[in-house]
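Heads up: the sequence shown begins at 4 in my numbering, then just goes up one per residue.
Glycine included, every Cβ here is placed at the ideal spot set by N, Cα and C.
Computed from a predicted structure; not experimentally measured.
Following: one structure in structure tokens, then a few remarks.
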Amino acid sequence: MLSDEDKEQFRKLGYLIKPAILDRERAAAVAEEIDRYVQVEPGFDGSNIWKYDRLCELVVDPQTLAITDDIMGGSEFTFHHCHAARHDPGLKGIAWHHDYEQIPQTNRSHIQLHVLHYLDGLNGTVGDLLLLPKSHRSVMRRDAMAFMGDQLLPGTVVINDIPPGSVVFAHSALVHARRPQPGGGERKRYFIDIAFMQDGVQWPSYGREGWRETLAKMDRKLHMPNRPKLFSEDAFFDIADGVARIHRRPGSLAMLLPEQPDAERPMSGAIPIVQ
Ligand SMILES: O=C(O)CCC(=O)C(=O)O
4 MLSDEDKEQF RKLGYLIKPA ILDRERAAAV AEEIDRYVQV EPGFDGSNIW KYDRLCELVV
64 DPQTLAITDD IMGGSEFTFH HCHAARHDPG LKGIAWHHDY EQIPQTNRSH IQLHVLHYLD
124 GLNGTVGDLL LLPKSHRSVM RRDAMAFMGD QLLPGTVVIN DIPPGSVVFA HSALVHARRP
184 QPGGGERKRY FIDIAFMQDG VQWPSYGREG WRETLAKMDR KLHMPNRPKL FSEDAFFDIA
244 DGVARIHRRP GSLAMLLPEQ PDAERPMSGA IPIVQ
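The structure is reproduced here in structure tokens:
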């Protein structure tokens, strides 16, 4: 599905843009569903996504899953969350941040992927997506760059001209921002993000409550026997437990971990980054 160049770009830069890969009818059907719940459920946060058929179909879209397989290097992966929103004129920006789920942030051993759908594309009105290439390989707090607001940083890639049905595949540790723009006009800003976690480590759950139920309901509804881990709760620990364990722990958390008798001891004091 992905060329070797695509895979290399994702590995090096942390993102890949696939223009117009969702056909117009699919995109329109998903947008219609979003229009409906914007009215009835403005606080939608994805935890009851199983109620929304078009969004569920998007989560298991064969093309998306095939690209995700390639990005994950063939290892299995698990669904974490799906957010969906219609951005109208006046939308606020979001300062530089990343969305890699890890408590505390210490390494980038496994891939978390954000699949960002822009159903109506981006055209420089309402809001642009800003990406900071290569930043997915640095380890930092999610809000470490927020003090920069949405100012352009050296190397920033501005995404403000992509056709309807475009999808951006971004490593979740890639630092990014949303830059607000006045206007809107005919085209709305429909935005959906779907996150997948690579198999091999346990990840923080999506939210504190109801995540097991969400996964179980998605599993029952979408039934993907050839992807047994896609909606498995075993991929997660409860985020509330993770947060509580580090809360107000001062200093170096390393000494709270059990010793690794066979661990190689680096010659210098430098901490090897697990990439
Ligand atoms: O609206 C966008 O294009 C990006 C939003 C964003 O930064 C996020 O969902 O983390």
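- Counting of Cβ neighbours within 10 angstroms places Gly124 among the buried residues, the total reaching 16 or more.
- Among the bridge pairs identified by DSSP, Met200 is matched with Thr81 and Gln115.
- In terms of Cβ geometry, Val41 and Arg89 form a close pair [threshold 7 Å].
- For Lys21, the three-state secondary structure derived from DSSP is strand.
- The residues His83, Asp102, Tyr103, Glu104, His174, Ser175, Ala176, Ala198, Phe199, Met200, Gln201 and Trp206, in chain order, have a CB closer than 8 Å to that of Gln115 in the same chain once the five nearest residues on each side in sequence are set aside.
- Nearest Cα to Asp222 within the set Ser235, Ala23, Ala149 and Arg144: Ser235.
- Using a C-beta cut-off of 8 Å, the region 122-136 makes contact with the region 158-167, since at least three inter-stretch Cβ pairs fall below that distance.
- The DSSP-derived three-state label of Pro65 is helix.
- Leu225: member of the alpha helix (DSSP H) spanning Trp214 to Leu225, first to last residue.
- With respect to the 7 Å criterion, Ile195 and His120 are classified as neighbours on the basis of their beta carbons.
- With respect to the 7 Å criterion, Val171 and Met148 are not classified as neighbours on the basis of their beta carbons.
- Contact annotation, Ala34 with Tyr193: C-beta distance approximately 5 Å; criterion of less than 8 Å satisfied.
- In the DSSP assignment, Ala32 falls within the alpha helix (DSSP H) that extends over Arg27 to Val43.
- Between the C-alpha atoms of Ile242 and Ala219 there is a straight-line separation of about 18 Å.
- The DSSP-derived three-state label of Val142 is coil.
- Assignment of Ala180 by DSSP, reduced to helix, strand and coil, places it in the strand class.
- In the assembly as shown, His117 is a buried residue. Its beta-carbon has 16 or more other beta-carbons within 10 Å.
- Per DSSP, reduced to three states, the secondary structure at Gly245 is helical.
- Ranked by Cα distance from Pro107, the first of Ser255, Gln263 and Glu262 is Ser255.
- When only Cα atoms are considered, Thr109 and Ser141 end up about 10 Å apart.
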